[in-house]
Amino acid sequence: MTETSVTEVTVPQTKPSNRRQEDYYTASQWQLFWTRFQRNRLATVGGVVLSGFILIALFAEFIAPYSGQADTHDTAYTAGPPQVIRFCDRAGCQIWPFVHEMTSSYSVSKKGYEVETVEEKGQPVRRSLQLFYPASSYRLLGLIESDRHLFGVNRGQVHLFGTDSSGLDLFSRVMFATRTSLSIAFLGVMLSFVLSLIFGGVAGYIGGWVDTAIQAFTDLVRVIPPIPLYMALTAMFPRDWTNTQVYFAMTLVLGLVNWPTLARRIRSYLLATREEEYVQAAKLSGASGWRIVTRHLLPGFASYIIVELVINFPYRILDETALSIVGLGLRRPTMSWGVLLQEMTTVQAIQLTPWFFIPLIFFVVAVLSFTLLGDGLRDAADPYAGLRR
Amino acid sequence: MTQPIVSVRNLKVHYPIGGGFLKGKPQILKAVDGVSFEIYPGQILGLVGESGSGKTTVGRALLQATPITSGSVTLQVADTTLQVGQLRGDRLNILRRHGQMIFQDPYGSLSPRMTVRDIIAEPLEAMNLTQTREETNRRVCDVAEKCRLNLEHLRRFPHAFSGGQRQRIAIARALVSNPSFLVADEAVAALDVSIQASVLNLLKDLQQDMNLAFLFISHDLSVIAHFCDVVAVMYLGEIVEIAPTHQLFARPAHPYTQALLSAIPPLDPDAPRDRVRLSGEIPSPVTPPSGCRFHTRCPVAQPICPSQKPKWGQIGDRHEAACHLVESEALASHSSDGQGVEA
Amino acid sequence: MILMAESSLLMVSNLSVRFRTDEGLVTAVDDLSFALQPGQTLGIVGESGSGKSVSTKALMRLLPDYAAIAPESHIYYQTKKGDYLDIAQMDANHKALNQLRGGEIAMIFQEPSAAFSPLYTIGNQMIEGIQLHRQVGRRQARKLAIEMLDRVGMTNPELRIDQHAFELSGGMRQRAMIASALVMRPAVLIADEPTTALDVTIQAQILDLLQELQQEFGMAIIFISHDLAVISQIADDVLVMYLGKEMETGPVRSIIRHPQHPYTQGLINAIPRLEAIDQPLVPIPGDIPSPLERPTGCVFHTRCPHGAAHPPCRTSVPDPVAATTGDAHPNHLAACHLLVTEQLEKMV
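From first to last, the protein sequence lines are chains A, B and C. Numbered by my numbering, the letters in the first sequence go through residues 4 to 392 in order. Numbered by my numbering, the letters in the second sequence go through residues 132 to 474 in order. Numbered by my numbering, the letters in the third sequence go through residues -5 to 342 in order.
Right under this line is the structure:
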C-alpha cells in the first residue's frame, strides 16, 4: 500500500552491510507474516499438500483417465483390486510401464470376488501405460476443449485404485470427489464468511443497541444444535432435485449453519481494535469512519480473517462428508468424499474390498493439512511473536 | 492579557456504568465533576493527579474524544470560536487540525501496518490539508526533521523503532497539521529516564518554536515541575489546587498537594523529609465522599470537611486552592476578593 | 567484581543469559557478578533492555524456554539449612528448585494480577503455598495467611483472604502479593519494579512497608527499578546495569553522590528533580541500541560523551576498577576505561 510513497521520498542508499537489517525494518506486516510462516515446516508441508489437492480439484478431468460416470463401467472388472504398475513380468521387461489385463467377478460359491489375470499363450496380457493419452473429450476449467488425459492404456481400462462394486474406476472417482468436496466446503466457508462479515462487522463497528440485537439473533442461531439442524434442512431437499440443485443447496446449508461463530469473532476483534490507541489517534487526526475502517481496521483484519477461514475449512469438509455418509447429503452418481466413504461402510468392504478405503486416506490427509496450514498461519499472524521485545 | 486559547467552565463528564437493556439502572461514574481552567496561547498547563483522578478524561473532553455531560469547553483557534462537544463536519475539522493529541503508549498509538511516512501524513491526508502528494511529502519531511527523525527512516515500519523514536514519530504526527494546542497524555511516562529527558527537551523546543499551548497530563510531579508553566492538581474529578509552577512547588497549599510532593522519593537517601504519609487509596468516583472529597484521607481533616464543600481560597498571585483550611486562613489574613475560579 | 565474603547468602559469578530469537542469538545478561549478604538490600537499576529482570529471573530459574544460561555461569546460594547450591548449574527440573522458589527465594512483581490466578481466592493460593513448603493443616495454614495479611496492613484480613485479587485495589493487591511472598519467611525477596504501576502516594506506603518487614524478618532484598530515586530510598548497595552489563556498583550514597561511570552520571543528570526545577534536563544522547546491534567494546560507548575520543572504548570491554575520587567508598567500582587512564596518569 505504500510502495509508491516510498519511491517519492528521496532516500539515500543504505549501506550494503545493513541491508539485511534494513530489509527487516522496511518489511510490511505481510512480509513479516510470510517470513514467520515459512519457518514453520509442518505448515509449509500442509500448504504444499493442499496445493496438490487444489490442482486435483481444478484439473480433475485431465488427471482422471475416465469420467467416473455410469457410461464408463468396466463390466469385466467389478470390485477389482488396484492394478500394479510393472516394468517386468514372466515374459521379460519393457521400457514402458504396463499393467496386466485382469478380470474380476462375483463367485456365489466362494461368496467373494474372484480376480484372475488374463493370459494368452501362457503369458499375461499387457496393457501399456501412456502419458497424455487421447480419450473422452472435456473442457478444461470449462474453457479449453481437450481429449488428452494425464495417462491411459492402449487397450481396455486401467484402475490404479481398483474399481467399485459396479466397475467404475475408483481413481477417477476420487479425483472428481476431491473437486466436489473441496468446492462445497469452499463455497460454504465463503458464504458463512460473507454472512459473518455483514453481521459481525455491523455489530462490531456500530455497537450499541444494534450490537445487542444482532448478538441476540446470532446466539439464537448458535444454540440450535448443528446436527439436527443439518438433518432437518437436508431432509427438506425434494427427492427429485438434480445433483446440481442438491450441490448448491448443500453449500447454502453449510453457510447458513456456520456463520455465527465467525461473526462473533469478527465482532469481538472489531470491538477490541476500535479501542486501540492508533485507531483513536486516527480519529483525532480527522479520519472519517470510512477511512478508519479501510485504512486501519481492515488491513489488520485481513490476515486474521484468512486464518479463521482456513481453520474453518476442514470442519466444512467434515460436515459434508458426515451428512453424505448418513445419506442426507449428496448421493450417487454425484462423486464426493462423503458419497465414496458411504460405499465403504459395509462389512464386506472391510473383508473383501479394502481398497474402498482409499478415499478415506485422501479425506484424512486433506483435513490434516488444512489444520496444519491453519495453525501455521495463525502462529505467523500473531503480532506478538518476536516483534515486541 | 490576551484571550485564552482554551477555556473550560464547570466541565462535567459522567459515564453510566453497568446498566443497559434489561440490566437495570446504571450507576454514574463521575470521571470529571466540575472543572474550570484556562490555557493561554503558548502556555503549558500541567494536570497532575493519581490514577482515577479524571485527568485523562479532561484531556479527551477538550478534543471532543469523549462526550461532555455539562459545562463548556471553548477553543479559540484560527479566529474561530469553537464550542467543543457538538462540533461536526467542517468545524470539527478545524478542531482536529488545530488541536492534537500525543498518547502515552508509543507502541499502541502507531498503526503497525503503515510506514512512518504514512503515519505522519495521516492528518494531512485524512483532512485533505494538502493539494498534492509532493506537498504532503514536503511537509512530512519538514516536521520529521523538526522532530529529529532520520529522513532515511520514513519508509520503515514502526516495529523498527525503540520507544523514544516512536514517541518522536507520534509527536511529528501531532504537529504536521500545524496545530496551536496539544494535549499530551502521559507522553513520556512509558519512556526510559535517559530518553524521557530528550523527548521533554524536544517538546519544549517545539513548543517555543511554534508557540504551542499544551495541556500536559502526568502523574509525575517532577516531570510536571520541569515542563509546565502552570500546574493544576486533580483529585477525584475535581481540581483542588492551581498555581504557577514555582508557587506550587515552593508553597503547596492543599494537603493533597503537600502529600503528593512529600511522597516523591528524593534522589539523595539522606535528604531531609517532612513526610506527609497518606493512608488508604483514592475512593471510587462512583460514590465520591461528601463535602471535601479528600477528607477520607486528609491528615488535617476538620469536622466541617465531610459536610461542606470547600470554596476556593486565594494564596498568592494566581495561586488558589479548594480547602477549608486555606479558606479560613485566607479569610483571616486578607479578606477574599471573590476572584476565585468557580468550583 | 564481587567482594567475596564468607557470610554471603547469594553469590552470582559470571552470569550470562542469551535469548534465541528469530534474528539470532541475543545477549540479555553479560558476565554479571554480584554478592548479597543476609539482611542486605541490593538495588539494581537499569533502563529497558538492561537485563535487570532477566538476571533475577535466572536466580530462580524462571527464565522462558528461549533463554539459556551460559555454561560458565555460577549462582551460589546458601540455604537456610546451610547447604550450598549452584543454582545456575542445576537441572531445570531439579526437585530442590521447588523448595528454593518461594521457600528460600520469593519474588514480587510490578503487576500483582500476574501473580494471582483469577480463579482462586487469595487465601486459596497462600494456603496452597504454605502447605507446599510446610507440614501444617489447612486450618493452621489459613491462620498463618491471615496473620501475614494483617501484618502487611490489609484491612479486614479475615474478609480479604476469601476475595479474589481482581476485587482489590492496586495497592491492596501489591500488599497481598507481598504477604504471599513473605509468608514462608524467605531468606531473599526479589522485588521486580513492585511500585512502578502504583501512584506515588501508594508507592511511598509500599516502600515503607518493605523496609519495616525487612527489619522484622531480616530477609535480604534485591530491589529492581528503573527509578534511581526509589532505589536510593531503599537500597544499601546499588548495581547499575546497561545492556546486560554492570556499569557501576557500590554503596548507595557513594554511587549517588560520586557517580564514576559516565552512564550513571548521565542517568542522574537526566532525572527531573524537584530540588532543581529551573535546571535544564540533560539527556543521554542517542537511543538505547537494539539488542540485535549490541555495541562492541564498552557497550555504552555509542552514547558516552567521552566514547568517541577514547579508542579503547570501542574495542575492548573495560574491567571494573575501584573509584579513586577522594570521597568515594572503597567498595565502589566502575567499569570504565577512562577511570583506568585517569589512575594511570595519576601514578605517573
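Quick reminder that beta carbons are idealized off the backbone N, C-alpha and C, glycines included.
9 Å Cβ cutoff, residue i in contact with chain B
i	result
residue 277 (chain A)	no
residue 281 (chain A)	yes
residue 165 (chain C)	yes
residue 406 (chain C)	Absent from the structure is residue 406 (chain C), since the part of chain C shown begins at -5 and ends at 342.
residue 195 (chain C)	yes
residue 294 (chain A)	yes
residue 299 (chain A)	yes
residue 289 (chain A)	yes
residue 14 (chain C)	no
residue 252 (chain A)	no
Whole-angstrom distance between residue j and residue i, CA atom to CA atom
i	j	result
residue 189 (chain C)	residue 108 (chain C)	14 Å
residue 200 (chain A)	residue 308 (chain A)	10 Å
residue 38 (chain C)	residue 194 (chain C)	20 Å
residue 85 (chain C)	residue 73 (chain C)	17 Å
residue 165 (chain B)	residue 95 (chain C)	51 Å
residue 69 (chain A)	residue 232 (chain A)	37 Å
residue 60 (chain C)	residue 19 (chain C)	10 Å
residue 396 (chain B)	residue 105 (chain C)	21 Å
residue 30 (chain C)	residue 186 (chain C)	16 Å
residue 330 (chain C)	residue 314 (chain C)	7 Å
residue 182 (chain C)	residue 164 (chain C)	24 Å
residue 375 (chain A)	residue 268 (chain A)	21 Å
residue 218 (chain C)	residue 36 (chain A)	35 Å
residue 277 (chain A)	residue 290 (chain A)	13 Å
residue 405 (chain B)	residue 197 (chain C)	17 Å
residue 239 (chain A)	residue 356 (chain A)	34 Å
residue 316 (chain C)	residue 132 (chain C)	53 Å
residue 206 (chain B)	residue 228 (chain B)	12 Å
residue 191 (chain A)	residue 248 (chain A)	15 Å
CB contact below 9 Å: residue i versus chain C
i	result
residue 413 (chain B)	yes
residue 309 (chain B)	no
residue 466 (chain B)	The pLDDT assigned to residue 466 (chain B) is 43, lower than 50, so where the model puts this residue is not dependable, and the model offers no usable value.
residue 371 (chain B)	no
residue 374 (chain B)	no
residue 326 (chain B)	yes
residue 457 (chain B)	no
Cβ separation of residue i and residue j, assumed to be a contact under 8 Å, to the nearest whole Å
i	j	result
residue 317 (chain B)	residue 349 (chain B)	6 Å
residue 168 (chain C)	residue 216 (chain C)	The Cβ separation is near 17 Å, so there is no contact.
residue 162 (chain B)	residue 441 (chain B)	Not a contact, Cβ separation roughly 21 Å.
residue 22 (chain C)	residue 260 (chain C)	Actually they do not touch by this definition, with Cβ atoms about 22 Å apart.
residue 53 (chain A)	residue 372 (chain A)	5 Å
Minimum Cβ-Cβ distance from residue i to chain A less than 9 Å
i	result
residue 341 (chain B)	no
4 or more residues per run - each alpha helix (DSSP H) lying fully within the region 269 to 312 of chain A: With a minimum length of 4 residues, the continuous alpha helix (DSSP H) runs that stay inside the region 269 to 312 of chain A are 280 to 287.
Contiguous beta strand (DSSP E) assignments of at least 3 residues, all confined to the region 175 to 212 of chain C: Fully enclosed beta strand (DSSP E) runs of no fewer than 3 residues occupy 182 to 186 of the region 175 to 212 of chain C, in order along the chain.
Ordered list of beta strand (DSSP E) runs contained in the region 131 to 186 of chain A, each at least 3 residues: As far as the region 131 to 186 of chain A is concerned, its whole beta strand (DSSP E) runs of at least 3 residues are 147 to 156.
Interface positions of the region 235 to 268 of chain C facing chain B (Cβ-Cβ less than 9 Å), listed along the chain: Residues passing the 9 Å Cβ filter: 246, 247, 250, 251, 257, 260, 261, 262, 263, 264, 265, 266, 267 and 268.
Residues of the region 218 to 232 of chain C whose Cβ lies closer than 7 Å to any Cβ of chain B, in chain order: Those would be 220, 222, 223, 224, 226 and 227, in chain order.
Secondary structure, beta strand (DSSP E): runs of 3+ residues fully inside the region 228 to 256 of chain C: The qualifying runs are 231 to 236 and 239 to 245.
Residues from the region 175 to 204 of chain B in contact with chain A, defined by Cβ distance under 7 Å: Against chain A - using a Cβ distance shorter than 7 Å - the residues of the region 175 to 204 of chain B are 194 and 196.
Contained alpha helix (DSSP H) runs [length at least 4] in the region 382 to 467 of chain B, N- to C-terminal order: Listed in chain order, the complete alpha helix (DSSP H) runs (minimum 4 residues) inside the region 382 to 467 of chain B are 386 to 394 and 455 to 464.
Cβ-based contacts, 8 Å cut-off: residues of the region 441 to 455 of chain B near chain C: None of the residues of the region 441 to 455 of chain B has a beta carbon lying less than 8 Å from any beta carbon of chain C.
Those runs of the beta strand (DSSP E) which lie wholly inside the region 15 to 51 of chain C and span at least 3 residues: Correct list: 18 to 30 and 35 to 39.
Residues in the region 277 to 307 of chain B having any Cβ partner in chain C nearer than 8 Å: From the region 277 to 307 of chain B, only 293, 294, 295 and 296 have a Cβ closer than 8 Å to chain C.
Contacting positions in the region 210 to 231 of chain B - beta carbon closer than 8 Å to chain A: Of all residues in the region 210 to 231 of chain B, the ones placed with a Cβ closer than 8 Å to any Cβ belonging to chain A are 223, 224, 227, 228 and 231, in chain order.
Within 8 Å of chain B by C-beta, residues of the region 33 to 44 of chain C in sequence order: Of all residues in the region 33 to 44 of chain C, 41 and 42 have a Cβ within less than 8 Å of some Cβ in chain B.
Residues of the region 296 to 325 of chain A with Cβ closer than 7 Å to any Cβ of chain B, in chain order: So the list reads 299, 302 and 303, given in the order they occur along the chain.
In chain order, each alpha helix (DSSP H) run of at least 4 residues that lies wholly inside the region 120 to 155 of chain C: Segments of the alpha helix (DSSP H) lying fully in the region 120 to 155 of chain C: 132 to 145 and 151 to 154.
Contained alpha helix (DSSP H) runs [length at least 4] in the region 207 to 266 of chain B, N- to C-terminal order: Within the region 207 to 266 of chain B, the runs of alpha helix (DSSP H) that reach at least 4 residues and sit entirely inside it are, in chain order, 220 to 229 and 247 to 257.
Members of the region 393 to 408 of chain B that neighbour chain C once the beta carbon cut-off is set at 9 Å: Per Cβ criterion, the list reads 393, 394, 395, 396, 397, 398, 399, 400, 401, 402, 406 and 408.
Residues within the region 241 to 254 of chain B neighbouring chain A, beta-carbon criterion of under 9 Å: Identification of residues in the region 241 to 254 of chain B having a C-beta nearer than 9 Å to some C-beta of chain A yields 241, 242, 243, 244, 245, 246, 248, 249, 250, 252, 253 and 254, given in sequence order.
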